[in-house]
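Report on the following structure.
Chains as they are written, first to last, in our numbering: chain A, 1377 to 1590; chain B, 41 to 458.
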């Protein structure tokens, strides 16, 4: 009553003073518990392990063979594993976004390893175009197997088609000098897009209208 | 499964600015006289969902604007396990942008603000509780105050009334001065404190000053903020309270989607300013700012921003970034607190004995960490404060001021009272 209001709680909700010795029987709200906190803890544990491995390997590398930075062979895969655990495994993200994330993360990791090793640019010549084709094929298969869910995947499919032209851009920008894998990826993206247009029914057109409304 | 809706004018902003610290999720609840039966509530929900397709939606991702699309999954009632107005996780709700919660005697709906406003949510809750009571074999005659689920959904209920009522007149200048902002120790979970009093006591108190209930409560709130935060500060900034106004009262609309405006009323309180001075000023501001002509200008302004040709073809990502910036700079910084008044709720007479009182919980935000909601029914006036800071001094001072100046009896309960 110090706050000049009445309450049935054991402690005043306004000033926190204890008002009675007895535990109040008022049951207006539950006790809260959060799953997000537990998930968050897992993610922080993995992050700490990743930092531990990367910093230790960097230190050993600098102390033993400072002229040869082999630590990137460890940093790349560890970062990839960390992101894969936190996004692909632990997060509730859409499977389409997980596929696209994997394409980008795997590509980045392989480029890092390739640059560290030096020599032939096998990552941009062959691996990235191949990864894009496999990912586009995966999204296509999911849509064909679950036609009821195609609307959910339309945005991811469009993203994959756009990514399909990336290897050709790498060639144009002279980062890559082997044309045929990039050309095949672009053709595959173009064919997927053509297939989508040709086999589109009214509902797909409707879906495109709503996605592009302005 | 092909029905889809553009998100309405106000809904676009809530969608762009929502994040874990600003859920854009508000709650309206009815406290029943007996514990809630979950199976009967589920049956009532299944029935009501068929009648209100505009709520049975999930979010669709577009290039220039996101949209709402029909959701054919089932929405399950949930036993309350999270704090009020927690962000809606579509995975947990089967894609739906609202949840139906029960706990002991409470039936609550929590809506993401992009779907509807307080009026739309109230219509939903009224229909839900009506059908819940019918499931319990209560004898209730629908006097027309509840949506009839036998009726076909009306296209008027789907109307984006902002567009419908925009006019070619001038638009309101959006520039407004910054207001005093409450700061405190942030908490992860939202704490709510409800103050229950007799509607008649509040009405009598407001009448004694010749002002409306909203003007009265707003003024007492300003006094409480002043005493707790500005009395011993050299820089006395303006205290502004943002009050949502139901536009359906001025512009005839049956829409169950968002159709409201926000008016900011405020005052520079000095040491010599009396409660009477504040009430006179706030009451006058409320009258002029909530006039139809003033609201029309604001409505035109918001529709114009959305329909600007330059903005239309900007991809979502950039547009939402700009909306977030505008919201922080011109929306959040121009108010100290939001106080929303759902008013006195009318239900069929036979429903009243089953309902103890109602709660309206307005989600707090980072810049506005304490917000208030008002709802009254059955002569029970409930003022609920939701906060994401530890300090409750303003709320305590507000209730003390009410009891001191008007002698009103208040009972409080909270989700952290122990």
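Note that CB positions come from ideal geometry on N, CA and C, so glycine has one too. Please read these numbers as outputs of a predicted model, since none were measured by experiment.
- From the listed residues A:1381, A:1404, A:1579, the smallest Cα separation to residue 1523 of chain A is found for A:1579.
- Leaving aside the five residues that flank residue 84 of chain B on each side, the residues in its chain whose CB is nearer than 6 Å to its CB run, in chain order, 168, 171, 172, 175.
- One alpha carbon belongs to residue 1424 of chain A, the other to residue 51 of chain B, and they sit about 40 Å apart.
- With fewer than 16 neighbouring CB atoms inside 10 Å of its own CB, residue 1548 of chain A falls in the exposed class.
- Counted as a single uninterrupted DSSP element, the beta strand (DSSP E) harbouring residue 68 of chain B occupies residues 65 to 72.
- Within the DSSP bridge table, the entry for residue 119 of chain B names B:142 as partners.
- Taking CB atoms only, residue 453 of chain B has a neighbour in chain A less than 8 Å away.
- In this structure, residue 165 of chain B lies away from residue 155 of chain B, with their beta-carbon atoms at least 8 Å apart.
- Looking at A:1481, A:1544, A:1551, A:1472, the one whose alpha-carbon comes closest to that of residue 1512 of chain A is A:1472.
- Residue 233 of chain B reaches chain A at 1389, 1390, counting residues in chain order whose Cβ is nearer than 8 Å.
- With the rule of 3 Cβ pairs closer than 8 Å, the region 180 to 200 of chain B counts as touching the region 294 to 306 of chain B.
- In this model, residue 1455 of chain A and residue 263 of chain B are separated by some 54 Å (Cα to Cα).
- Ranking B:123, B:269, B:67 by CA distance to the CA of residue 380 of chain B puts B:67 first.
- DSSP places residue 424 of chain B in the uninterrupted beta strand (DSSP E) bounded by 420 to 429.
- Of the residues B:88, B:128, B:302, B:365, the one whose Cα lies closest to the Cα of residue 56 of chain B is B:365.
- Residues of the region 1515 to 1544 of chain A with a C-beta less than 7 Å from any C-beta of chain B: 1531, listed in chain order.
- Taking the CA atoms as reference points, residue 426 of chain B sits about 6 Å from residue 231 of chain B.
- Residue 1417 of chain A is outside the set of residues whose beta carbon lies under 8 Å from a beta carbon in chain B.
- Of all alpha-carbon atoms in B:89, B:142, B:438, the one lying nearest the alpha-carbon of residue 97 of chain B is that of B:89.
- Listed by position along chain A, the residues whose Cβ is nearer than 8 Å to that of residue 443 of chain B are 1380, 1381.
- According to DSSP, residue pairing for residue 300 of chain B in a beta bridge involves B:286.
- If you draw a straight line from the Cα of residue 255 of chain B to the Cα of residue 45 of chain B, it is about 36 Å long.
- Not one beta carbon of chain B lies nearer than 8 Å to the beta carbon of residue 1463 of chain A.
- Shown here, residue 1473 of chain A sits in a helix according to DSSP, grouped into three states.
- Annotation: Cβ neighbours of residue 1589 of chain A in chain B (cutoff 8 Å, chain order): 46, 102, 104, 105, 107.
- Here residue 1453 of chain A is not near residue 1505 of chain A, since their CB atoms are 8 Å or more apart.
- When the alpha-carbon of residue 287 of chain B is set against those of B:143, B:204, B:277, B:187, the nearest one is in B:204.
- At a C-beta separation below 9 Å, residue 143 of chain B has these neighbours in chain A: 1403, 1404, 1405, 1406.
- Excluding sequence positions up to five before and after residue 1446 of chain A, its CB lies within less than 7 Å of the CB of 1437, all in the same chain and listed in chain order.
- Secondary structure at residue 416 of chain B: strand, using DSSP grouped into helix, strand and coil.
- In the same chain as residue 1457 of chain A, and ignoring 5 residues on each side of it, the C-beta atoms closer than 8 Å to its own belong to 1426, in chain order.
- For residue 226 of chain B, DSSP records a beta bridge to B:429.
- Residue 436 of chain B reaches chain A at 1379, 1390, 1391, counting residues in chain order whose Cβ is nearer than 7 Å.
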